[in-house]
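> Per full-length UniProt numbering, the sequence shown runs over residues 1 to 749. We put the beta carbon where it would ideally sit given N, CA and C, even for glycine.
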Amino acid sequence: LPRLVREFVAQNNTSQIKHVIQILSQEFALSQHPHSRKGGLIGLAACSIALGKDSGLYLKELIEPVLTCFNDADSRLRYYACEALYNIVKVARGSVLPHFNVLFDGLSKLAADPDPNVKSGSELLDRLLKDIVTESNQFDLVGFIPLLRERIYSNNQYARQFIISWILVLESVPDINLLDYLPEILDGLFQILGDNSKEIRKMCEVALGEFLKEIKKNPSTVKFAEMANILVIHCQAADDLIQLTAMCWMREFIQLAGRVMLPYSSGILTAVLPCLSYDDRKKNIKEVANVCNQSLMKLVIPEDDEMEEVKPSMTIPAEPTSEESLSKPEAVTTGESQNELAVTAFNQPLFFPCSCERVQVTLNLDGIVQVLDYHLSDTSIGMMTRIAVLKWLYHLYIKTPRKMFRHTDSLFPILLRTLSDESDEVILKDLELLAEIASSPAGQTEEGHGPSDGSDVRPGPVELHVPPRAGQLSSSSTKGLECSPSTPTMNSYFYKFMINLLKRFSSERKLLETRGAFIIRQLCLLLNAENIFHSMADILLREEDLKFASTMVHTLNTILLTSSELFQLRNQLKDLKTPESRNLFCCLYRSWCHNPVTTVSLCFLTQNYKHAYDLIQKFGDLEVTVDFLTEVDKLVQLIECPIFTYLRLQLLDVKNNPYLIKALYGLLMLLPQSSAFQLLSHRLQCVPNPELMQTTDSTKPSTNFKRTAASNIDYTELLQHFEKVQNKHLEARHQRAGRAEQLDRRVVL
Numbered sequence: 001l002p003r004l005v006r007e008f009v010a011q012n013n014t015s016q017i018k019h020v021i022q023i024l025s026q027e028f029a030l031s032q033h034p035h036s037r038k039g040g041l042i043g044l045a046a047c048s049i050a051l052g053k054d055s056g057l058y059l060k061e062l063i064e065p066v067l068t069c070f071n072d073a074d075s076r077l078r079y080y081a082c083e084a085l086y087n088i089v090k091v092a093r094g095s096v097l098p099h100f101n102v103l104f105d106g107l108s109k110l111a112a113d114p115d116p117n118v119k120s121g122s123e124l125l126d127r128l129l130k131d132i133v134t135e136s137n138q139f140d141l142v143g144f145i146p147l148l149r150e151r152i153y154s155n156n157q158y159a160r161q162f163i164i165s166w167i168l169v170l171e172s173v174p175d176i177n178l179l180d181y182l183p184e185i186l187d188g189l190f191q192i193l194g195d196n197s198k199e200i201r202k203m204c205e206v207a208l209g210e211f212l213k214e215i216k217k218n219p220s221t222v223k224f225a226e227m228a229n230i231l232v233i234h235c236q237a238a239d240d241l242i243q244l245t246a247m248c249w250m251r252e253f254i255q256l257a258g259r260v261m262l263p264y265s266s267g268i269l270t271a272v273l274p275c276l277s278y279d280d281r282k283k284n285i286k287e288v289a290n291v292c293n294q295s296l297m298k299l300v301i302p303e304d305d306e307m308e309e310v311k312p313s314m315t316i317p318a319e320p321t322s323e324e325s326l327s328k329p330e331a332v333t334t335g336e337s338q339n340e341l342a343v344t345a346f347n348q349p350l351f352f353p354c355s356c357e358r359v360q361v362t363l364n365l366d367g368i369v370q371v372l373d374y375h376l377s378d379t380s381i382g383m384m385t386r387i388a389v390l391k392w393l394y395h396l397y398i399k400t401p402r403k404m405f406r407h408t409d410s411l412f413p414i415l416l417r418t419l420s421d422e423s424d425e426v427i428l429k430d431l432e433l434l435a436e437i438a439s440s441p442a443g444q445t446e447e448g449h450g451p452s453d454g455s456d457v458r459p460g461p462v463e464l465h466v467p468p469r470a471g472q473l474s475s476s477s478t479k480g481l482e483c484s485p486s487t488p489t490m491n492s493y494f495y496k497f498m499i500n501l502l503k504r505f506s507s508e509r510k511l512l513e514t515r516g517a518f519i520i521r522q523l524c525l526l527l528n529a530e531n532i533f534h535s536m537a538d539i540l541l542r543e544e545d546l547k548f549a550s551t552m553v554h555t556l557n558t559i560l561l562t563s564s565e566l567f568q569l570r571n572q573l574k575d576l577k578t579p580e581s582r583n584l585f586c587c588l589y590r591s592w593c594h595n596p597v598t599t600v601s602l603c604f605l606t607q608n609y610k611h612a613y614d615l616i617q618k619f620g621d622l623e624v625t626v627d628f629l630t631e632v633d634k635l636v637q638l639i640e641c642p643i644f645t646y647l648r649l650q651l652l653d654v655k656n657n658p659y660l661i662k663a664l665y666g667l668l669m670l671l672p673q674s675s676a677f678q679l680l681s682h683r684l685q686c687v688p689n690p691e692l693m694q695t696t697d698s699t700k701p702s703t704n705f706k707r708t709a710a711s712n713i714d715y716t717e718l719l720q721h722f723e724k725v726q727n728k729h730l731e732a733r734h735q736r737a738g739r740a741e742q743l744d745r746r747v748v749l
């Protein structure tokens, strides 16, 4: 047969050569008899050898019948077919490349063949084909990619190994730029990375590592946008290796592509945020996720507040494949259900940048806020994730305050609920965010267009410090000034915050008991303490729940007298030198009347000793309960604290402070024979004889100057207000007692 074919070649008799190949194919290789098929395969291989370099002209006729035999039920026939194709390819070399796809398709099937001999033969043929592709510069990568994309989703281990080996070969060829087509095969690679075989996982890991190295070398040619959602999906994989690898890729993408990744922020956050609460078993994933989170946060800039979000009517057409979800340009969570994390597509422009050049990118703030809201609402989310969400919201309010205030009404309830969190760190971040919302100039609405909650309308005139709108700067430029009492900033949400915070304390008494002081003290650091106390006092003045009002006033009074954060406010109230301080005293006094003992302590703080004495005289008309005496006991303990050092020193000036001594004796008379009684009694025994304390120094200034400064306060009216409030409390107690008595009667009946 070879001699016959050589003669035809020498005679250039093409028709006879084709006739010989046709006979070998039709009558032998494709025969029904197995021995004939074997003979046909041997004949086709011999014919190819005889044709030599001319075999390239007849490759289609030579290859097709051999590939058909790859599907034969007889394993020996499949082996003969593999051997025949090896000889055909070995002779033709580079001429077989136009037929590469059919050869690859056939080999991919043999790679999973159950017969070891067939598999061994296919490996020899595979190596030969790889050598030909490597040394050639005519490989048709464009035509091959669709086949590779299809076969990469095979679940067979041997087929996967075969696919990965070819990807590694193509990656190593300098003339073949597989990186351009990485979006086509990246999803399949990550699926192979989850294979049960350690060897295949390792091979896939190497392939992905090589791609990542290439991406770092040539970021300008990488199609980051087309691969972003693929990474988002695999960053949420259950397999640790897939998740870690995808997260590492995401980290590099954010750092290399920069703002090109911003349109995918909501999807990235959906994947990254839960990882921040992983324990030490997934420490590596947690660390990489944290870097992704920080890097993504840095991409948001103040200029994003100026750009309007464009929502075009056209969307990216999704391919009708099993990876349909991967073609969506923006994956975000919806707020429709808090039990499941849904992924939807937001409208995006048809053009996506394929390089890391500086491009105009619009921040999809709606999608980001939706994701953050979901994770903050989910009670099963870990502490570190909640902290990260609050940091994100704070960052967005700093960088894009104008756009963020559109979402404030929807975020406000969940931020208030977060104050009940178990973690102090979460509460601190929540308070920082709420303080930013309450103080940002961007939240100042025009007069008559305040926050939407009807309860936020101020019931009366309250003098709060609101900076003039003309001089307002962006919140980021005024940071550092907001916590200074000398430069307080306020907006329309401040009063809403105070109202809702007190509502929260009223509905959750445990929160008030355990965290109330902590929350208010932190707010005094973050905002202006005078504004906080002024507004809370004004709100409590109209509180219908008198018992809560009394408890809240007691809490505020304790904070005012004991917290180091309120040192400056105490000094301001101590002297009452300015109209503002006197206005604040009157505002606090009216609310403090809900609690008689705290009212006296406020008078001691402001050195209104005569009025304190007048109040104590009224205590004889009040219902003296155990709680009342306990509060008097605590006040006596407070008088011995450093806060009231100035008061104790004034006891030396008996002549100018007679009402102070009378007020203290009044407290002493209220107390039963207890340790507090003994403490105050010993203190009063130390008060010197006025005659012994006389001095001839006429230059010493009188201590009565303060009383002159505060002489415009109508103490008679304040005393009447105190009596009025206490009468309300008395009626409320009688009503509660009456209801309790009726209930007892019903139980007896």
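Is the CB-CB distance between V371 and L273 below 9 Å?
Against the sequence shown, residue 371 aligns to sequence position 371. Against the sequence shown, residue 273 aligns to sequence position 273. Yes.
> Locate the alpha helix (DSSP H) running through M261, then write down its first and last residues.
Against the sequence shown, residue 261 aligns to sequence position 261. Unbroken run through M261: none, as it is neither H nor E.
> Compare the Cα-Cα distances from S48 to each of K38, H35, I21 and report the closest residue.
By 1-based counting over the sequence shown, the position of residue 48 is 48. Of K38, H35, I21, the residue nearest in Cα terms is I21.
> Do you know offhand how far T551's Cα is from S591's?
Translated into the one-based positions of the sequence shown, residue 551 becomes position 551. Translated into the one-based positions of the sequence shown, residue 591 becomes position 591. Straight-line Cα distance between these residues: approximately 11 Å.
> Rounded to whole angstroms, how far is the Cβ of Y58 from the Cβ of K18, which I believe are closer than 8 Å?
Your numbering for residue 58 matches position 58 in the sequence shown. Your numbering for residue 18 matches position 18 in the sequence shown. 7 Å between Cβ atoms; contact.
> Hey, out of I215, S506, L4, N155, whose CA is closest to A50's CA?
By one-based count along the sequence shown, residue 50 stands at place 50. With distances taken between Cα atoms, A50 lies closest to L4.
> From N531 to L584, what distance separates their C-alpha atoms?
If you number the sequence shown from 1, residue 531 lands on position 531. If you number the sequence shown from 1, residue 584 lands on position 584. Going from the Cα of N531 to the Cα of L584 covers about 9 Å.
> Where does G106 fall in DSSP's three states?
Position 106 of the sequence shown, counted from the first residue, corresponds to residue 106. Here G106 sits in helix by DSSP.
> Would a C-beta distance cut-off of 9 Å place Q568 and A537 closer than the cut-off?
The residue you call residue 568 lines up with position 568 of the sequence shown. The residue you call residue 537 lines up with position 537 of the sequence shown. Not a contact, by the Cβ cut-off of 9 Å.
> Report yes or no: do the region 218–231 and the region 241–256 share at least 3 C-beta pairs separated by less than 8 Å?
Flag = yes, the region 218–231 and the region 241–256 touch.
> Return the chain-ordered list of same chain residues with a C-beta closer than 8 Å to the C-beta of D54, the five sequence neighbours on each side being excluded.
Position 54 of the sequence shown, counted from the start, is the residue given in the question as residue 54. Closer than 8 Å at Cβ, skipping near neighbours: V9.
> If you compare alpha carbons, which of L67, A84, S120, K213 is closest to V102?
Numbered from its first residue, the sequence shown carries residue 102 at position 102. V102 has its Cα closest to that of L67, out of L67, A84, S120, K213.
> I'd like to know if the region 573–588 and the region 668–683 are in contact, where contact means that at least 3 CB-CB pairs between them fall below 8 Å.
The region 573–588 vs the region 668–683: no contact.
> Would you kindly work out how many angstroms separate the C-alpha atoms of V600 and N657, rounded to a whole number?
Start at 1 with the first residue of the sequence shown, and residue 600 comes out as number 600. Start at 1 with the first residue of the sequence shown, and residue 657 comes out as number 657. Taking the straight line from one Cα to the other gives about 16 Å.
> Over what stretch of residues does the alpha helix (DSSP H) that includes P116 continue unbroken?
Here residue 116 is taken as the residue at index 116 of the sequence shown, counted from 1. Residues 116–135.
> Evaluate V626 with the Cβ neighbour count: other Cβ atoms within 10 Å of its Cβ, from every protein chain shown; 16 or more gives buried, anything less gives exposed.
Taking the first residue of the sequence shown as position 1, residue 626 is located at position 626. V626 comes out exposed.
> Which two residues bound the contiguous alpha helix (DSSP H) that contains R406?
Taking the sequence shown and counting its residues from 1, the one referred to as residue 406 is at position 406. Careful: R406 lies outside any alpha helix (DSSP H) and carries neither H nor E.
> May I ask you to check if the CB of P146 is nearer than 8 Å to at least one heavy atom of the ligand ZN?
The ligand ZN is absent from the structure shown, which contains no ligands of any kind.
> Pull up the distance between the alpha-carbon of K198 and that of L212, whole angstroms please.
Sequence index remark: in the sequence shown, residue 198 carries index 198 (1-based). Sequence index remark: in the sequence shown, residue 212 carries index 212 (1-based). Roughly 21 Å separates the two Cα atoms.
> Expressed to the nearest angstrom, what Euclidean distance is found between the alpha-carbon atoms of C587 and Q720?
Residue numbering aside, residue 587 sits at position 587 when the sequence shown is read from its first letter. Residue numbering aside, residue 720 sits at position 720 when the sequence shown is read from its first letter. If you take the alpha carbons of C587 and Q720, they lie about 15 Å apart.
> For Y374, which of L363, Q16, A388, T362 has the nearest alpha-carbon?
The residue given as residue 374 occupies position 374 in the sequence shown. For Y374, the nearest C-alpha among the options comes from A388.
> For L527, which option in A438, K109, N364 has the closest C-alpha, if you only look at C-alpha atoms?
Numbered from its first residue, the sequence shown carries residue 527 at position 527. The residue with the shortest Cα to Cα distance from L527 is A438.
> Which class does R469 belong to by DSSP, given the choice of helix, strand or coil?
For the purposes of this step, residue 469 is taken as residue 469 along the sequence shown, with counting starting at 1. Its pLDDT being 30, under 50, R469 is placed unreliably in this model, and the coordinates cannot settle the point.
> Whose C-alpha, out of S563, E123, Y715, P672, is nearest the C-alpha of L615?
Position 615 of the sequence shown, counted from the start, is the residue given in the question as residue 615. Considering only alpha carbons, the answer is Y715.
> If I'm right that C69 touches R93 with Cβ under 8 Å, what's the distance once you round it to whole angstroms?
On the sequence shown, residue 69 is found 69 positions in, with the first residue counted as 1. On the sequence shown, residue 93 is found 93 positions in, with the first residue counted as 1. Wrong, their Cβ atoms sit about 22 Å apart, outside the cutoff.
> Taking the C-alpha atoms as reference points, what is the distance between I200 and A246?
Mapped onto the sequence shown, residue 200 falls at position 200. Mapped onto the sequence shown, residue 246 falls at position 246. So the alpha carbons of these two residues sit roughly 17 Å apart.
> Do the CB positions of H33 and I63 come within less than 9 Å of each other?
As a first step, residue 33 is located in the sequence shown; it is residue number 33 there, counting from the start. As a first step, residue 63 is located in the sequence shown; it is residue number 63 there, counting from the start. No, these two residues do not count as a Cβ contact at 9 Å.
> List the whole-angstrom C-beta distance separating W249 from L231, where the pair is believed to meet the contact cut-off of C-beta under 8 Å.
On the sequence shown, residue 249 is found 249 positions in, with the first residue counted as 1. On the sequence shown, residue 231 is found 231 positions in, with the first residue counted as 1. About 5 Å separates the two Cβ atoms, so the contact holds.
> By the DSSP assignment, the alpha helix (DSSP H) with P658 in it spans what residues?
The count along the sequence shown starts at 1 and reaches residue 658 at position 658. Where P658 is concerned, the enclosing alpha helix (DSSP H) stretches over 658–670.
> Taking Cβ positions, are F628 and G666 nearer each other than 9 Å?
Within the sequence shown, numbered from 1, the residue matching residue 628 stands at position 628. Within the sequence shown, numbered from 1, the residue matching residue 666 stands at position 666. No, they are not a contact pair.
> Hey, V300 and T400 are a contact pair by Cβ (cut 8 Å); roughly how many whole angstroms apart?
Along the sequence shown, read from residue 1 onward, the residue named residue 300 stands at position 300. Along the sequence shown, read from residue 1 onward, the residue named residue 400 stands at position 400. 7 Å between Cβ atoms; contact.
> With H, G and I counted as helix, E and B as strand and the rest as coil, what does DSSP make of T400?
Locating residue 400 in the sequence shown gives position 400, where the first residue counts as 1. Coil.
> Assuming S136 contacts L179 (C-beta within less than 8 Å), just tell me the rounded distance between them.
By 1-based counting over the sequence shown, the position of residue 136 is 136. By 1-based counting over the sequence shown, the position of residue 179 is 179. Actually they do not touch by this definition, with Cβ atoms about 19 Å apart.
> Mind checking whether L664 and I639 have CB atoms under 9 Å apart?
Position 664 of the sequence shown, counting from 1, holds the residue named residue 664. Position 639 of the sequence shown, counting from 1, holds the residue named residue 639. Yes, they are a contact pair.
> Mind checking H734: buried by the 16 CB within 10 Å criterion, or exposed?
Translated into positions along the sequence shown, residue 734 becomes position 734. Exposed: under 16 other Cβ atoms inside 10 Å.
> Once you ignore the five residues that flank S277 on each side, which residues in its own chain have a CB closer than 6 Å to its CB?
For this step, residue 277 is matched to residue 277 along the sequence shown. Cβ neighbours of S277 beyond the five flanking positions: G382, M384, T385.
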